[in-house]
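Chemist:
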Amino acid sequence: MNFLTFTWKLSLFRKILFLFLIFSIPAFAQNGRIAGQITDYETGEGIVGCNILIEGTNLGAAADLDGKFAIPSVAPGKYNLIISSIGYSKSKITEVEVVSGQTTTIKHSLKIQSFETEEVIVAAKAVNSFEAALLNQRKNSNSISDGFSAEQIKKSPDATSSDALKRVTGISVMEGKYIFVRGTSERYSGALLNNTSLASTENEKRSFAFDLLPANLIENTVIDKSFSPDKPANYAGGIVNVNTVDFPSKLTLRVSVGSSYGSNTSFENFNTYNGGSKDFLGIDDGTRGLPAKFPANLNAKRFSADEINNFARLFKNEWKPTSTKAPLNNNFMISFGDGVTLLGENFGFVSGLSYKSGFELNDIERNEFEGSGEKRFAFKGTQSKFSTLWGGLFNFSYKFNGNHKISLKNTYSHSSDDEVSVLNGAQYSDAGTEQNQTAMRFISREVYSGQVFGEHYFQSLGGLKVDWNFSNSLSKKDEPDYRRITYARDLGTDDPFSAVLGFQPNLKNGGRFYSDMNEDTKGFATNFLLPIGSSKIKFGSLLETTNREFNSRLISVIINAPGNGYTDFNLLRLPQDEIFNSENFRKNGFSIAEYANGTNNYNADQDIYAAYMQAEIPFEVFGGDFRMIGGVRYENSVQNIKSRDLSDQKDIKIKLEKGDLLPAMNLIFKLSESSNLRLSFSQTVNRPELRELAPFAYFDFATQTSVRGNENLKRAKINNLDFRGEIFPNLGEVLSAGFFYKEITDAIEKVVVTGSSLGSERTFLNSDNAKVYGVEIEGRFSLKYLTNLLNDFSVGANASWIKSEVTVKGSETTVAREGRPLQGQSPYVFNFGLYYQNISSGTDISLLYNKIGERIIEVATAYDEDIIEKPRDALDLTLSQDISDFLNIKLSYKDILSQDQIFKQGSKLARLNSRESSLSAGISYKLN
Numbered sequence: 016m017n018f019l020t021f022t023w024k025l026s027l028f029r030k031i032l033f034l035f036l037i038f039s040i041p042a043f044a045q046n047g048r049i050a051g052q053i054t055d056y057e058t059g060e061g062i063v064g065c066n067i068l069i070e071g072t073n074l075g076a077a078a079d080l081d082g083k084f085a086i087p088s089v090a091p092g093k094y095n096l097i098i099s100s101i102g103y104s105k106s107k108i109t110e111v112e113v114v115s116g117q118t119t120t121i122k123h124s125l126k127i128q129s130f131e132t133e134e135v136i137v138a139a140k141a142v143n144s145f146e147a148a149l150l151n152q153r154k155n156s157n158s159i160s161d162g163f164s165a166e167q168i169k170k171s172p173d174a175t176s177s178d179a180l181k182r183v184t185g186i187s188v189m190e191g192k193y194i195f196v197r198g199t200s201e202r203y204s205g206a207l208l209n210n211t212s213l214a215s216t217e218n219e220k221r222s223f224a225f226d227l228l229p230a231n232l233i234e235n236t237v238i239d240k241s242f243s244p245d246k247p248a249n250y251a252g253g254i255v256n257v258n259t260v261d262f263p264s265k266l267t268l269r270v271s272v273g274s275s276y277g278s279n280t281s282f283e284n285f286n287t288y289n290g291g292s293k294d295f296l297g298i299d300d301g302t303r304g305l306p307a308k309f310p311a312n313l314n315a316k317r318f319s320a321d322e323i324n325n326f327a328r329l330f331k332n333e334w335k336p337t338s339t340k341a342p343l344n345n346n347f348m349i350s351f352g353d354g355v356t357l358l359g360e361n362f363g364f365v366s367g368l369s370y371k372s373g374f375e376l377n378d379i380e381r382n383e384f385e386g387s388g389e390k391r392f393a394f395k396g397t398q399s400k401f402s403t404l405w406g407g408l409f410n411f412s413y414k415f416n417g418n419h420k421i422s423l424k425n426t427y428s429h430s431s432d433d434e435v436s437v438l439n440g441a442q443y444s445d446a447g448t449e450q451n452q453t454a455m456r457f458i459s460r461e462v463y464s465g466q467v468f469g470e471h472y473f474q475s476l477g478g479l480k481v482d483w484n485f486s487n488s489l490s491k492k493d494e495p496d497y498r499r500i501t502y503a504r505d506l507g508t509d510d511p512f513s514a515v516l517g518f519q520p521n522l523k524n525g526g527r528f529y530s531d532m533n534e535d536t537k538g539f540a541t542n543f544l545l546p547i548g549s550s551k552i553k554f555g556s557l558l559e560t561t562n563r564e565f566n567s568r569l570i571s572v573i574i575n576a577p578g579n580g581y582t583d584f585n586l587l588r589l590p591q592d593e594i595f596n597s598e599n600f601r602k603n604g605f606s607i608a609e610y611a612n613g614t615n616n617y618n619a620d621q622d623i624y625a626a627y628m629q630a631e632i633p634f635e636v637f638g639g640d641f642r643m644i645g646g647v648r649y650e651n652s653v654q655n656i657k658s659r660d661l662s663d664q665k666d667i668k669i670k671l672e673k674g675d676l677l678p679a680m681n682l683i684f685k686l687s688e689s690s691n692l693r694l695s696f697s698q699t700v701n702r703p704e705l706r707e708l709a710p711f712a713y714f715d716f717a718t719q720t721s722v723r724g725n726e727n728l729k730r731a732k733i734n735n736l737d738f739r740g741e742i743f744p745n746l747g748e749v750l751s752a753g754f755f756y757k758e759i760t761d762a763i764e765k766v767v768v769t770g771s772s773l774g775s776e777r778t779f780l781n782s783d784n785a786k787v788y789g790v791e792i793e794g795r796f797s798l799k800y801l802t803n804l805l806n807d808f809s810v811g812a813n814a815s816w817i818k819s820e821v822t823v824k825g826s827e828t829t830v831a832r833e834g835r836p837l838q839g840q841s842p843y844v845f846n847f848g849l850y851y852q853n854i855s856s857g858t859d860i861s862l863l864y865n866k867i868g869e870r871i872i873e874v875a876t877a878y879d880e881d882i883i884e885k886p887r888d889a890l891d892l893t894l895s896q897d898i899s900d901f902l903n904i905k906l907s908y909k910d911i912l913s914q915d916q917i918f919k920q921g922s923k924l925a926r927l928n929s930r931e932s933s934l935s936a937g938i939s940y941k942l943n
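Here my numbering is used: the first residue of the sequence shown is 16, the next is one more, and so on.
1) Within 10 angstroms of the Cβ of Tyr497, are there 16 or more other Cβ atoms? Answer buried if so, exposed if not.
2) Tell me whether Ser171 is buried or exposed, calling it buried when 16 or more other Cβ atoms sit within 10 Å of its Cβ.
3) Glu110: buried (16+ other C-beta within 10 angstroms of its C-beta) or exposed?
4) Decide if Arg303 is buried, meaning its Cβ has at least 16 other Cβ atoms within 10 Å, or exposed.
5) What number of angstroms, rounded off, separates the C-alpha of Thr337 from the C-alpha of Asn533?
6) Cα-Cα, which of Gly478, Ser177 and Ile127 is closest to Ala224?
7) From Ser772 to Asn618, what does the alpha carbon distance come to, in whole angstroms?
8) Evaluate contact between the stretch 857-874 and the stretch 229-240, counting only Cβ atoms and requiring at least three cross-stretch pairs below 8 Å.
9) Consider the Cβ of Ser281: report whether some Cβ of chain B lies at a distance smaller than 8 Å.
10) Please state whether the Cβ-Cβ distance between Ser464 and Asp432 is less than 8 Å.
11) Is DSSP giving Gln450 helix, strand or coil here?
12) Would you kindly check if the distance between the Cβ of Phe473 and the Cβ of Asp299 is under 8 Å?
13) DSSP three-state label for Thr72, please.
14) Let's test the definition: count the other Cβ atoms within 10 Å of the Cβ of Gly639 and tell me whether it reaches 16, buried, or not, exposed.
15) Anyone know if the C-beta pair for Ala679 and Ser243 falls short of 8 Å?
16) In angstroms, rounded to a whole number, what distance separates the CA positions of Lys551 and Ser104?
17) Considering only residues of the same chain and omitting the five flanking positions on each side of Ser158, which have a CB-CB separation below 6 Å?
18) Using the rule of at least 16 other Cβ atoms within 10 Å of the residue's Cβ for burial, across every protein chain shown, is Lys140 buried or exposed?
19) Helix, strand or coil: which one does DSSP assign to Gly59?
20) CB Asn210 to CB Asn256, shorter than 8 Å?
21) Check whether the stretch 845-865 and the stretch 879-890 are in contact - that is, three or more C-beta pairs closer than 8 Å.
22) Alpha carbon to alpha carbon, what distance is there between Phe330 and Tyr288?
23) Note down, in chain order, each residue of its chain lying with its Cβ closer than 8 Å to the Cβ of Glu60, except the 5 sequence neighbours on either side.
24) Taking three-plus beta-carbon pairs below 8 Å as touching, is the stretch 427-447 in contact with the stretch 379-393?
25) What does the alpha-carbon distance come out to for the pair Asn346 and Ala174?
26) Considering only residues of the same chain and omitting the five flanking positions on each side of Val266, which have a CB-CB separation below 6 Å?
27) Can you pull the DSSP bridge partners for Gln621?
28) Tell me which residues share the same chain as Asn143 and place their Cβ nearer than 7 Å to its Cβ, disregarding the 5 neighbours each side in the sequence.
29) Taking 8 Å as the cut-off, does the stretch 640-660 touch the stretch 690-707 (at least 3 CB pairs, one atom from each stretch)?
30) The alpha helix (DSSP H) with Phe242 in it runs from where to where?
31) Alpha carbon to alpha carbon, what distance is there between Ile97 and Lys126?
32) Can you grab the Cα-Cα spacing for the pair Ala179 / Val237, in whole Å?
33) My understanding is that Ala76 touches Thr118, with C-beta atoms under 8 Å, so please give their C-beta distance in whole angstroms.
34) Run through the DSSP bridge pairs and tell me what Asn361 is partnered with.
35) By DSSP, does Ile882 sit in helix, in strand, or in coil?
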């Protein structure tokens with residue numbers, strides 16, 4: 016990959032863009048504008064058609080479907096706003112200041128009109144905090160929820176949604192991308208983008224990799240922890256809804272560029288190899304693909320030995336890594352949006368592009384043990400990884416007649432990891448050998464999500480609100496030419512190393528593995544909301560269909576059988592860059608073979624039909640204000656999987672159909688204007704995933720283990736109980752504490768099957784039952800209450816204490832166990848943040864800390880010792896400084912402690928990955 020050429024092009028682009036921005040500044044108008052949102056005081060919902068008038072003028076606006084409004088071209092000065100709507104008390108906001116070239120943002124609530132008709136007069140308070148808006152949304156939500164905003168992301172070094180999610184109460188992240196909510200694994204978490212389902216990014220499970228979503232394209236993310244009937248029900252821990260950047264009501268422009276330095280990597284020796292011309296984008300240009308003339312199936316017909324050797328010579332001889340110096344990491348982002356008048360109506364759009372590339376060099380250790388506890392193998396080495404993450408969005412919205420809105424949202428994201436691993440150690444099983452292993456692996460993932468939304472308000476139909484959406488989510492995972500080669504010699508000798516090759520194909524030894532996965536999810540949903548007095552009835556439906564296709568091939572170098580002449584074993588001692596030269600594929604040399612296993616390819620589909628009805632009813636008990644949201648959701652799921660048997664001779668078809676009626680009740684007691692008590696009960700489900708049902712074994716080349724599906728898997732059913740108390744004392748502040756309890760019948764887990772070692776085979780089992788329960792607390796406060804010296808300081812912290820108990824009956828292949836934690840569950844999750852914000856100087860400083868407790872990575876069924884990931888402390892520091900109204904610089908020191916990631920099996924070290932600190936600097940330009 017030519018990094019110098021790309022860096023020069025990026026540098027030139029930055030210079031041209033900078034000059035354009037500087038010269039464009041004076042061109043913008045000098046008037047200001049007033050914009051904001053008017054909401055219902057009780058529910059937090061936008062008030063449709065609300066009138067906002069500047070007192071003493073003819074300037075004003077009507078609120079749209081979301082209660083949002085904008086009054087453009089207002090001369091600088093101070094004004095009073097008159098806000099009125101039928102059924103609500105009139106309100107006046109005084110001393111609203113308009114500044115030249117800026118937007119004054121107002122967020123205000125109206126109360127239902129009572130017999131008292133006096134006008135409510137309040138002083139203006141500009142709302143410029145996305146975090147405060149998100150907390151207000153949470154306060155008025157129908158369900159128990161947590162989340163984070165774009166403002167919180169800006170105060171951290173977080174680059175992806177998974178980075179940001181780990182700072183949310185009760186959330187932990189596995190492998191840097193999979194989300195565990197309240198101690199339940201990623202299979203028990205739902206993933207939505209703009210309220211629509213996301214396609215899975217993984218071959219063998221339905222799981223979304225949240226590191227695919229760039230953080231700077233996110234407006235906010237909300238995690239619903241209690242179920243309501245208008246949401247999908249296939250989750251237990253929580254459902255994560257990521258919302259992309261919303262439409263602006265005026266011209267906005269954002270540009271940022273930055274670089275970072277890795278303490279272990281930057282300017283150090285870094286292993287790589289000759290890739291393709293598009294590697295800087297994480298796209299393989301065909302360099303790693305199968306040769307054009309290579310047959311679709313090497314086993315389909317009886318090719319002669321000479322024909323097979325000719326096929327072998329088509330492959331590029333790229334087996335030895337080369338060393339280079341790792342440069343700095345780079346990133347940039349640009350977004351542009353505007354709100355204009357089109358055909359006399361409001362039209363808004365926003366577009367954005369984000370790119371990030373990085374180099375990472377880690378020391379690694381890999382150990383595995385026999386059932387007796389003796390070492391099976393032990394290796395140490397390094398892993399060099401070049402990663403890219405880029406994506407874009409284009410969203411637009413058209414509002415007409417004041418009561419209707421059509422929106423289109425498009426989001427695309429692409430990530431890649433290009434890894435070179437070099438390991439040295441020993442294989443102790445059998446006679447025992449000293450080994451050197453090299454692996455080169457390239458994986459790219461991409462996801463597209465497109466949604467068309469319609470929102471309609473019908474005053475003539477009693478205030479009926481109708482919304483609908485059509486969504487399409489496409490995901491693709493591509494892994495071309497994963498190569499591994501092993502050299503070995505007898506332990507304790509000075510013999511020369513020889514390549515380990517056999518008569519059968521094997522990925523570890525001269526193997527080239529190719530795989531690709533494509534998933535397509537389409538959905539159509541409708542929702543109807545009808546107010547009846549002070550109550551509301553909501554009902555709707557969902558039709559969602561998912562299709563997945565997975566294909567894989569393993570082509571491996573082998574030694575020749577007697578029929579093709581015995582291999583000259585001197586060839587096995589050739590170095591990596593010579594051993595597989597084209598002239599060595601011959602009689603008395605090497606040949607190739609394809610791993611024949613029909614189960615490594617499959618097609619699957621799933622159809623979900625859902626309908627729901629819920630009611631929202633406010634009522635009083637002994638003078639206390641209550642709100643109940645209750646209802647039921649019906650979901651019917653039909654799953655099909657099609658594959659072939661091991662010999663690739665016979666079709667295998669599996670079908671699972673199940674319908675569930677799932678009730679939910681959320682009760683909210685409003686203690687005061689700023690505090691709530693919440694109680695929730697619901698039932699949800701967790702269905703077996705498409706590949707987990709197939710009753711055959713397939714080989715997982717990533718983990719080098721055999722994985723067997725289980726056609727007897729049942730869908731898990733979950734009873735959920737939640738209680739939370741919450742106080743929102745001031746803007747941007749919160750104190751909450753809660754308890755949750757979940758009882759899972761037929762919990763599904765991936766387990767290690769009995770055998771000669773823990774590395775033999777994995778399968779999927781239903782545990783008899785499982786319980787998950789815990790306590791969550793959160794607080795965000797200004798420190799100004801302590802002393803005036805701390806006016807600009809605030810703190811935020813959250814903690815979760817979680818316990819789970821799984822009961823497994825003993826059998827011929829499993830050991831009976833009671834009280835074992837769920838796979839992936841941490842006993843605690845803790846986050847702390849200390850913040851300094853001086854608005855007058857434009858200075859923001861954040862110190863962030865994160866820690867999770869130890870968790871089971873792999874469950875042992877025949878041994879007492881599971882594989883455990885140990886806790887580590889993560890500490891980050893960020894400084895953001897405005898240097899003008901348009902420019903900002905940001906400095907970050909990420910993972911200051913850089914503690915190793917350690918996995919233990921009992922007291923024995925199973926795996927180790929070193930971690931590095933990084934220093935980053937960036938500059939951003941904004942115009943709004």
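Just so it is clear, CB atoms sit at the ideal spot from N, CA and C, and this is done for glycine as well. Because the structure is a prediction, the values reported are computed rather than measured.
Modeler: In short:
1) Translated into the one-based positions of the sequence shown, residue 497 becomes position 482. It counts as buried.
2) The residue you call residue 171 lines up with position 156 of the sequence shown. Ser171 comes out buried.
3) Here the question's residue 110 lines up with position 95 in the sequence shown. Exposed.
4) Looking up residue 303 in the sequence shown gives position 288. Buried.
5) Position 322 of the sequence shown, counting from 1, holds the residue named residue 337. Position 518 of the sequence shown, counting from 1, holds the residue named residue 533. Cα-Cα distance, rounded: 32 Å.
6) By one-based count along the sequence shown, residue 224 stands at place 209. For Ala224, the nearest C-alpha among the options comes from Ser177.
7) Stepping through the sequence shown from its first residue, residue 772 is reached at position 757. Stepping through the sequence shown from its first residue, residue 618 is reached at position 603. Its pLDDT being 41, under 50, Ser772 is placed unreliably in this model, and the coordinates cannot settle the point.
8) The stretch 857-874, when compared against the stretch 229-240, does not touch it at the 8 Å Cβ threshold.
9) Of the protein chains in this structure there is only one, and it is not chain B.
10) Taking the first residue of the sequence shown as position 1, residue 464 is located at position 449. Taking the first residue of the sequence shown as position 1, residue 432 is located at position 417. Result no, Cβ atoms of Ser464 and Asp432 do not sit closer than 8 Å.
11) Walking along the sequence shown from the start, residue 450 turns up at place 435. In the structure shown, Gln450 sits in a strand (DSSP, three-state: E or B).
12) The count along the sequence shown starts at 1 and reaches residue 299 at position 284. The count along the sequence shown starts at 1 and reaches residue 473 at position 458. Going by beta carbons, Asp299 and Phe473 fall outside the 8 Å limit.
13) Counting from one through the sequence shown, the residue named residue 72 turns up at place 57. Here Thr72 sits in coil by DSSP.
14) Position 624 of the sequence shown, counted from the start, is the residue given in the question as residue 639. By the neighbour-count rule (16 or more Cβ atoms within 10 Å), Gly639 is not buried but exposed.
15) Mapped onto the sequence shown, residue 679 falls at position 664. Mapped onto the sequence shown, residue 243 falls at position 228. Against a cut-off of 8 Å, the Cβ pair of Ser243 and Ala679 comes out as a contact.
16) Against the sequence shown, residue 551 aligns to sequence position 536. Against the sequence shown, residue 104 aligns to sequence position 89. Taking the straight line from one Cα to the other gives about 21 Å.
17) Stepping through the sequence shown from its first residue, residue 158 is reached at position 143. Correct list, in chain order: Asp239, Ser241, Ser243 and Asn681.
18) Within the sequence shown, residue 140 is the residue found at index 125, counting from 1. Low local confidence applies: a pLDDT of 45 at Lys140 is under 50, so the model's placement there is unreliable, with the coordinate-based value given in what follows. Exposed is the call here.
19) Here residue 59 is taken as the residue at index 44 of the sequence shown, counted from 1. Reduced to three states, the DSSP call for Gly59 is coil.
20) Against the sequence shown, residue 210 aligns to sequence position 195. Against the sequence shown, residue 256 aligns to sequence position 241. In this structure, Asn210 lies near Asn256, with their beta-carbon atoms less than 8 Å apart.
21) Contact check between the stretch 845-865 and the stretch 879-890: three or more CB pairs, one atom from each, fall below 8 Å, which counts as touching.
22) Counting from 1 along the sequence shown, the entry for residue 288 is found at position 273. Counting from 1 along the sequence shown, the entry for residue 330 is found at position 315. If you take the alpha carbons of Tyr288 and Phe330, they lie about 15 Å apart.
23) Locating residue 60 in the sequence shown gives position 45, where the first residue counts as 1. So the list reads Thr54, Gly82 and Asn155, once near-sequence residues are dropped.
24) Yes, since at least three Cβ pairs between the stretch 427-447 and the stretch 379-393 fall closer than 8 Å, the two stretches touch.
25) Taking the sequence shown and counting its residues from 1, the one referred to as residue 346 is at position 331. Taking the sequence shown and counting its residues from 1, the one referred to as residue 174 is at position 159. When rounded, the separation of the alpha-carbon atoms in Asn346 and Ala174 is 10 Å.
26) The sequence position of residue 266 within the sequence shown is 251, counting from 1. Reading the sequence as shown, one finds Leu at residue 266 and not Val. Result list for Leu266: Asp353, in chain order.
27) Taking the first residue of the sequence shown as position 1, residue 621 is located at position 606. Gln621 pairs with Thr561 and Gln654.
28) Position 128 of the sequence shown, counting from 1, holds the residue named residue 143. Per-residue confidence for Asn143 stands at a pLDDT of 38, beneath the threshold of 50, marking its modelled position as unreliable; the derived number appears in the next sentence. So the list reads Thr120, once near-sequence residues are dropped.
29) Using a Cβ-Cβ distance cut-off of 8 Å, the stretch 690-707 and the stretch 640-660 are in contact, since at least three pairs of beta carbons, one from each stretch, lie closer than that value.
30) Within the sequence shown, the letter at position 227 stands for residue 242. Premise fails: Phe242 is in no alpha helix (DSSP H) and is neither H nor E.
31) For the purposes of this step, residue 126 is identified with residue 111 of the sequence shown, where counting begins at 1. For the purposes of this step, residue 97 is identified with residue 82 of the sequence shown, where counting begins at 1. The straight-line gap separating the alpha-carbon atoms of Lys126 and Ile97 is approximately 14 Å.
32) The residue labelled residue 179 in the question sits at position 164 within the sequence shown. The residue labelled residue 237 in the question sits at position 222 within the sequence shown. In this structure, the straight-line span from the alpha carbon of Ala179 to that of Val237 is close to 12 Å.
33) Taking the first residue of the sequence shown as position 1, residue 76 is located at position 61. Taking the first residue of the sequence shown as position 1, residue 118 is located at position 103. Not confirmed; about 13 Å, so no contact.
34) Taking the first residue of the sequence shown as position 1, residue 361 is located at position 346. Beta-bridge pairing links Asn361 to Thr356 and Lys414.
35) In the sequence shown, counting from the first residue as 1, residue 882 sits at position 867. Ile882: strand per DSSP, three-state reduction.
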